[in-house]
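Enquirer:
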Amino acid sequence: MFKRASYFFVPNLKGEHFMYKKQKKKLCVLTILSLAVQSIVGAIAPTIAFADEITHPQTVTVELDLAHQYAVEGTFSDGRPMSEVTVPHYAVYNGVKQDIFCVEPGVPIYNEFTPGYEKNPLPDMSDKAKLVSVLWKKVGTDADTHIVAQKMIWQEVNGYTLHSIKRSDGSAVNIAAIEAKINQAIADYQKKPSFHNSTAKTVLGQSTTVTDTNNLNLSEFDEVVENTANIDYRVNGNQLIISPNANSKESGVLTLKKSAGTGTPVAYKKAGQQTLMAGAIDKPNTYTVKIDVEMEGSLKIKKVDKESGDIIPGTVFHLDFGKTLPAKDVTTDKEGIATLDEIPHGTKVTITEKSVPAPYTIDTTPMTATIKAGETISVTSKNTREKGQIILDKTGIETGSDLWNDNYSLAGNTFAIRKDSPTGEIVQEMTTDEKGHAETPKEIANALELGTYYVTETKASHGFVNTFKPVKVELNYVNQTVALVTSNVKGQNQEITGETTLTKEDKDTGHETQGKAEFKRAEYTLFTVKDGKAVKWTENFKPELLKGTKASDETVTLTLDEKNQVAVKHLAINEYYWQETKAPEGYTLDETKYPVSIKKVDDSEKNAVITRDVAAKEQVIRFGFDFFKFAGSTTGTAETGFNDLTFKVSPLEGTNEITGAEDEATTAYNEQLGFDGYGKFENLPYGDYLLEEVEAPEGFQKITPLEIRSTFK
């Protein structure tokens, strides 16, 4: 490019340049070459496009694009008119072309290719000129756009204003349209996100998204200027996603810039030649976000009753933070909560219960929580109240646990656990096993609450009456390490026993014997129904003589007492029977089995002794005799029976009055025997009697009374 030069050159087809001096104007113009020349020189090397970062080589060859010549007209900064021909300029290095711009009009370039240009610092220049030198390519890379960019740089650097740019064919370049696009590209480049200089609050371990409402493509801000908070980030369209990491700081800034087109603009100079500008953006567009990182979190411990959910104030927890923080203790407040703030993110806290108020038991199982920044990590600890258990062992008063027989059992005693009084609310029940053992539940969920209770028996087991008196039990808090308080209760019930009395009676008269018969030497033995064996005095239930006299030292065989009774007591529950084993004088041996059933009636203490009385109805031995009444002749050779004579029997001393029989008999003819004077007494009780004739026949005397005696064998 040549401006205000007193010389201009025209290269020939062989690449030679001729310099001419022109006196009429002080402008350097380029002679328009033919189209053939344009095609020869128009494709020397590729040009550098809009790059991420621009670097300029130290030495280049300056090339003039003679294929694209433009006639430009305008005014200088002082208002003088200007008119000249110009072309695009390039710096060539290793076969690559970089567009450059004229910044020193009036100084000539003598050749189409001028090697040996050296890189030098760029003189002070407006930022816009630098932006134009790079961003014009966002509009287009054609020669027209390049020339309009040159026009804008002249205006910024040299104060030139071009009003017209015409191509070599005379057509005009639309300066306004292209310049507007370049200005828009610059304006777009300089736009900042809506969140520029704002504060982004983020949390360690989380990601925070900041959205640009200006809808910029944030990926163009692709290079970090500073990241003093040391956070990670990424972009997605118009969103900036911020992610703190373990090495992040609590605060800082993140500044990003557009790296495309950045670099240091330079001036290429060669002695005696025009100075050219190689553009780059040395003040790239940036945006800054202030970063506020939440690095800590909180821990919230809540203490509740495991069963009811009620809060538990005053619980002390020991917190172990590993190597992050010193260990410390915290106590739950009136709301049952303990809160600790400012714990570094990622800290693993081991929470151990240290003490708990009454009536609770301590839970030594550690809990763990991992802290997350910006969050309150909540853990809930549930404690059980100290509970109680009542253990009962039931025995017999007399037998203990060695029961007399299978009719007794320690299983099935039912007990009610009553609150506060013997008649209080029943809160639990328990039943004894075969050993007489019973327990309330020991599982904490079902165990008794601490307090005062009364153990009352509601049902006695087989073979026993309820003689258990209510027992008061106090289940009191021991300490925080005892989960279950136990109280042992001992209890006894009275065994049911039986007694039986046998009364000997005459079947006909009742209590009175007949004739000469008597009861006093009668013996009765008690047998068990199940095996038919006689009960022994040595049985484990130890039967006791109640009435009568022992007839045997081994078996319960008794002789009647003066009241014609035998009795025994303290019999175990069972089925028995009395049986006569020795008959008294005048009675037959009674083989009847008189049953005695000793069994439980109910739980009432008044029925602890079952009384069973039996009566043995005895049959007296009876006898009878026949007799004849005869009258003999004086010679004794003939006898005649007398009829209608009355005879009477009367008890002798020691024989009771006659019962159950007639004491008189009248003689009569006996058809079976064919005799007169036949008489008969029947069913006389065993005894001694006197037979007398009541009245003798006329002419005769009464017979001499006869004694009739009975003998018992």
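Read in order, the letters of the sequence shown correspond to residues 33 to 745 in this note's numbering. Glycine is no exception: its CB is placed at the ideal position from the N, C-alpha and C atoms. Being a predicted model, the structure only gives us computed values, none of them experimental.
1. Any contact of the segment 484–501 with the segment 524–535, i.e. 3+ C-beta pairs under 8 angstroms?
2. Kindly indicate which residue of G709, S109, K129, S682 has the alpha-carbon position closest to the one of L96.
3. For Q216, which of helix, strand or coil comes out of DSSP?
4. Would you tell me roughly how many angstroms separate the C-alpha atoms of A728 and K734, rounded to the nearest one?
5. Touch check for the segment 565–581 and the segment 398–408: three-plus C-beta pairs under 8 angstroms?
6. Out of curiosity, what's the CA-to-CA distance linking A175 and H100?
7. For Q222, which three-state DSSP category applies?
8. Near A77, what residues of its chain come up, given a Cβ to Cβ distance below 7 angstroms and the 5 sequence neighbours on each side ignored?
9. Given a threshold of 16 other Cβ atoms within 10 Å of its Cβ, counted over all protein chains shown, does N520 qualify as buried or as exposed?
10. Going by the DSSP bridge assignment, what does P683 pair with across the sheet?
11. Entirely within the segment 604–673 and at least 3 residues each: give me those beta strand (DSSP E) ranges in chain order.
12. Based on DSSP bridge pairs, tell me the residues matched to Y192.
13. Can you tell me which of T499, G686, A700 puts its alpha carbon nearest to the alpha carbon of D635?
14. Leaving out five residues before and five after G237 in sequence, what residues of the same chain have Cβ atoms less than 6 angstroms from its Cβ?
15. On the three-state DSSP scale, how would you describe D97?
16. Could you give the distance in angstroms between the alpha-carbon of P391 and the alpha-carbon of K355?
17. Distance, Cα to Cα, D465 vs S441?
18. Report the residue ranges of all beta strand (DSSP E) runs contained in full by the segment 104–153; include only those spanning at least 3 residues, in chain order.
19. Check each candidate in K302, K289, S115 and name the one with the smallest Cα separation from K315.
20. Quick one: what's R741 bridged to in DSSP?
21. Can you give the Cα-Cα distance for M309 and P297, rounded to whole angstroms?
22. In three-state terms, what does DSSP make of K451?
23. Quick one, which of N277, E255, E430, A261 has its alpha-carbon nearest V267's?
24. What's the gap between the Cα of T118 and the Cα of S239?
25. Sort out for me which residues DSSP pairs Q524 with in a bridge.
26. Does DSSP classify A405 as helix, strand or coil?
27. Look up S387 in the DSSP assignment and give the residues it is bridged to.
28. So, using beta-carbon positions, are I690 and Y718 closer together than 9 angstroms?
29. Could you tell me the alpha carbon to alpha carbon distance between T743 and K632, rounded to whole angstroms?
30. Can you determine whether any heavy atom of the ligand PLP sits closer than 8 angstroms to the C-beta of H195, and answer yes or no?
31. Under 9 angstroms between the Cβ atoms of F559 and L592?
32. Nearest by alpha-carbon distance to S453: which of E326, P683, T488, D324 is it?
33. Hey, could you find the ends of the alpha helix (DSSP H) K162 is sitting in?
34. Please check the pair K151 and Y300, which I expect to be a contact at CB under 8 angstroms, by giving their CB distance rounded to whole angstroms.
35. Nearest to R112 by CA position, among H121, L194, S165, is which residue?
36. List the whole-angstrom C-beta distance separating Y192 from M114, where the pair is believed to meet the contact cut-off of C-beta under 8 angstroms.
Expert: On the basis of the data shown:
1. Contact between the segment 484–501 and the segment 524–535 is present, because at least three Cβ pairs lie under 8 angstroms.
2. Taking the first residue of the sequence shown as 1, we reach residue 96 at position 64. Nearest neighbour of L96 by Cα position, chosen from G709, S109, K129, S682, turns out to be K129.
3. The residue labelled residue 216 in the question sits at position 184 within the sequence shown. In the structure shown, Q216 adopts helical secondary structure according to DSSP, grouped into three states.
4. In the sequence shown, the residue the question calls residue 728 occupies position 696. In the sequence shown, the residue the question calls residue 734 occupies position 702. Between A728 and K734, the C-alpha separation is close to 5 angstroms.
5. Not touching, per the Cβ criterion.
6. For this step, residue 175 is matched to residue 143 along the sequence shown. For this step, residue 100 is matched to residue 68 along the sequence shown. Approximately 7 angstroms, taken between the alpha carbons.
7. Taking the sequence shown and counting its residues from 1, one reaches residue 222 at position 190. Helix at Q222.
8. Counted from its first residue, the sequence shown places residue 77 at position 45. At A77 the pLDDT is 43, less than 50, meaning the model places this residue with poor confidence; the figure from the coordinates comes in the next sentence. Excluding positions up to five away in sequence, the list reads V124, G127, V128, K129.
9. As a first step, residue 520 is located in the sequence shown; it is residue number 488 there, counting from the start. Result: exposed.
10. The residue labelled residue 683 in the question sits at position 651 within the sequence shown. DSSP lists Y721 as partners of P683.
11. 606–614, 626–630, 641–650, 654–660, 662–664, 671–673, all fully within the segment 604–673.
12. As a working mapping, residue 192 is identified with position 160 in the sequence shown. Paired residue(s): none; Y192 is not in a bridge.
13. Residue mapping note: residue 635 aligns to position 603 of the sequence shown, counting from 1. Nearest C-alpha to D635 among T499, G686, A700: T499.
14. Mapped onto the sequence shown, residue 237 falls at position 205. The residues are H377, K404, A405.
15. Walking along the sequence shown from the start, residue 97 turns up at place 65. Of the three classes helix, strand and coil, the one that applies to D97 here is coil, per DSSP.
16. Walking along the sequence shown from the start, residue 391 turns up at place 359. Walking along the sequence shown from the start, residue 355 turns up at place 323. Distance between the alpha carbons of P391 and K355: 35 angstroms.
17. On the sequence shown, residue 465 is found 433 positions in, with the first residue counted as 1. On the sequence shown, residue 441 is found 409 positions in, with the first residue counted as 1. A straight-line Cα-Cα distance of about 9 angstroms links D465 and S441.
18. Listed in chain order, they are 113–118, 121–125, 128–134, 145–153.
19. As a first step, residue 315 must be located in the sequence shown, where it is residue number 283. When C-alpha distances from K315 are compared across K302, K289, S115, the shortest belongs to K289.
20. In the sequence shown, residue 741 corresponds to position 709, counting from 1. Under the DSSP definition of a beta bridge, R741 lacks any partner.
21. Stepping through the sequence shown from its first residue, residue 309 is reached at position 277. Stepping through the sequence shown from its first residue, residue 297 is reached at position 265. In a straight line, the C-alpha of M309 is about 7 angstroms away from that of P297.
22. Locating residue 451 in the sequence shown gives position 419, where the first residue counts as 1. K451: strand per DSSP, three-state reduction.
23. For the purposes of this step, residue 267 is identified with residue 235 of the sequence shown, where counting begins at 1. V267 has its Cα closest to that of E255, out of N277, E255, E430, A261.
24. For the purposes of this step, residue 118 is identified with residue 86 of the sequence shown, where counting begins at 1. For the purposes of this step, residue 239 is identified with residue 207 of the sequence shown, where counting begins at 1. Approximately 55 angstroms between the Cα atoms of the pair.
25. In the sequence shown, the residue the question calls residue 524 occupies position 492. For Q524, which the question treats as bridged, DSSP gives the partners T427.
26. What you label residue 405 is simply residue 373 of the sequence shown in a count that begins at 1. Judged by DSSP in its simplified three-state form, A405 adopts coil rather than helix or strand.
27. Start at 1 with the first residue of the sequence shown, and residue 387 comes out as number 355. Note: S387 sits in a beta bridge opposite V348.
28. Within the sequence shown, residue 690 is the residue found at index 658, counting from 1. Within the sequence shown, residue 718 is the residue found at index 686, counting from 1. Contact flag unset, no.
29. Looking up residue 743 in the sequence shown gives position 711. Looking up residue 632 in the sequence shown gives position 600. Counting only the Cα atoms, K632 lies some 47 angstroms from T743.
30. The model on display carries no ligand, and the ligand PLP is accordingly not part of it.
31. Within the sequence shown, numbered from 1, the residue matching residue 559 stands at position 527. Within the sequence shown, numbered from 1, the residue matching residue 592 stands at position 560. No, Cβ-Cβ distance for F559 and L592 is not below 9 angstroms.
32. Here residue 453 refers to the residue found at position 421 of the sequence shown. The shortest C-alpha to C-alpha distance from S453 to any of E326, P683, T488, D324 is the one to T488.
33. Here residue 162 refers to the residue found at position 130 of the sequence shown. Here the alpha helix (DSSP H) through K162 covers 159–167.
34. Sequence index remark: in the sequence shown, residue 151 carries index 119 (1-based). Sequence index remark: in the sequence shown, residue 300 carries index 268 (1-based). Contact holds; Cβ gap of about 6 angstroms.
35. For the purposes of this step, residue 112 is taken as residue 80 along the sequence shown, with counting starting at 1. The shortest C-alpha to C-alpha distance from R112 to any of H121, L194, S165 is the one to L194.
36. Counted from its first residue, the sequence shown places residue 192 at position 160. Counted from its first residue, the sequence shown places residue 114 at position 82. Right, the Cβ-Cβ distance comes to about 7 angstroms (below 8 angstroms), so this counts as a contact.
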